[in-house]
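One structure below.
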Amino acid sequence: MKKERDYILGTHEAELNRLKLQHQIWRPHVLAAWQKAGITIGSAVLDVGAGPGYATFDLQDIVGRSGKVISVERSKKFVDHLLQHADKSQTNVEAYELDLMEDEIPTKNLDFAWCRWVACFVHSPKLLVQKIANCLKSKGRVIFHEYVHYESWQLLPPNKHQKQFINEVIKSWRAQGGEPNIAAFLPEILHQHNFDIVSTKPLVFNCTPNDYFWQWPESFIEINLIRQVELGGVSQQWAEEVLESFRKAKSNPFSMQVTPMVLEIIAEKQ
Ligand SMILES: C[S@@+](CC[C@H](N)C(=O)[O-])C[C@H]1O[C@@H](n2cnc3c(N)ncnc32)[C@H](O)[C@@H]1O
Numbered sequence: 173m174k175k176e177r178d179y180i181l182g183t184h185e186a187e188l189n190r191l192k193l194q195h196q197i198w199r200p201h202v203l204a205a206w207q208k209a210g211i212t213i214g215s216a217v218l219d220v221g222a223g224p225g226y227a228t229f230d231l232q233d234i235v236g237r238s239g240k241v242i243s244v245e246r247s248k249k250f251v252d253h254l255l256q257h258a259d260k261s262q263t264n265v266e267a268y269e270l271d272l273m274e275d276e277i278p279t280k281n282l283d284f285a286w287c288r289w290v291a292c293f294v295h296s297p298k299l300l301v302q303k304i305a306n307c308l309k310s311k312g313r314v315i316f317h318e319y320v321h322y323e324s325w326q327l328l329p330p331n332k333h334q335k336q337f338i339n340e341v342i343k344s345w346r347a348q349g350g351e352p353n354i355a356a357f358l359p360e361i362l363h364q365h366n367f368d369i370v371s372t373k374p375l376v377f378n379c380t381p382n383d384y385f386w387q388w389p390e391s392f393i394e395i396n397l398i399r400q401v402e403l404g405g406v407s408q409q410w411a412e413e414v415l416e417s418f419r420k421a422k423s424n425p426f427s428m429q430v431t432p433m434v435l436e437i438i439a440e441k442q
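Okay, structure coming up:
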């Protein structure tokens, strides 16, 4: 039996559920990006680093029986979840358990590729873009949602623990060979791989404790603190202090959170 291959954020049950919540919160912006890029009924779409499949399921509905979704992901647990929960009445999904840095993606001539919060974790974003390019037909489009300025995430009024938390997250991703602010480099990498940039758009939100969006950074802090303690990068005491400070901020009705800035990039293969 193959061993589970997890990564810096983990592939455990709590993270799987966090990815579900995250997709629900971001869904309107994702659907808007796909529509803008042109994904429609009959499209053939690659879901790059698909996780447990939440975007795949939406893509499956959009492209319908005449389209197809090819999902690639390294975690066995996530691929199993994706296949188990995909709409069985449609036969338009294929999923491959593979490592984007080591394996070939066994498909080509696709119309679109969707890549969200994956480029920030790989050691070679150039190789990633090359592999995506190989899967697309000429005039095929890739849509990225990746962080461009992670440090823009702010709890207001400013909070020292939240700033420390951001620094720890950035440090841990870079220590594993990733780059949180990868979207700052993607336009140039895309150009080097014969893509034209169709559009770019920063996505940043300001939310209060009563907003649905608040749960996105909140769930990340709660789950990632436990993960960071497990990985040994921070102490249990520090994690408890951060959590306590964050909970206090949440009980202040005047608190706000500016979310870490994501850059939407739509690019077309020449
Ligand atoms: C933050 S999750 C995002 C999942 C999904 N794209 C989404 O937006 O819900 C990052 C995903 O990238 C996958 N991943 C990271 N490095 C990978 C690699 N080298 N090859 C394949 N998948 C990888 C992880 O297993 C994880 O499922």
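With our numbering applied, the sequence shown corresponds to residues 173 to 442, in that order. Here a beta-carbon is modelled for each residue, glycine too, at the ideal position from N, C-alpha and C. Since this is a predicted model, take the numbers as computed values, not measurements.
Burial is judged here by how many other beta carbons sit within 10 angstroms of a residue's own beta carbon; Arg313 has at least 16 and is buried. The DSSP-derived three-state label of Thr228 is helix. Within the chosen limit of 7 Å, ligand 1 reaches the beta carbon of Val294 through at least one heavy atom. Bounds of any beta strand (DSSP E) do not take in Trp386, whose DSSP letter is neither H nor E. Burial of Gly239 is indicated by the presence of at least 16 other C-beta atoms within 10 angstroms of its C-beta. Proximity to Gly404 across Gln387, Val414, Pro381 and Glu340 peaks at Glu340, based on C-alpha coordinates.
When the five nearest sequence neighbours on each side are left out, the beta carbons in the same chain lying within less than 7 Å of the beta carbon of Ala186 are those of Ile395, in order along the chain. Ranked by Cα distance from Glu413, the options Ser261, Phe316, Lys332 and Asn189 are led by Lys332.
At a Cβ-Cβ threshold of 8 Å, Cys287 and Phe250 do not count as neighbours.
Taking the Cα of Glu245 as reference, the smallest distance to any Cα among Ile342, Leu300, Ile437 and His201 is reached at Leu300. According to the DSSP assignment, Ile213 belongs to no alpha helix (DSSP H), since it is labelled neither H nor E.
Annotated three-state conformation of Lys373 is strand, per DSSP. The closest heavy atom of ligand 1 lies 7 Å or more from the beta carbon of His253.
In terms of Cβ geometry, Asp283 and Lys309 form a close pair [threshold 8 Å]. Take the alpha-carbon of His363 and the one of Ala209: they are about 18 Å apart.
Cα atoms of Pro329 and Ala411: separation of roughly 20 Å, rounded to the nearest angstrom.
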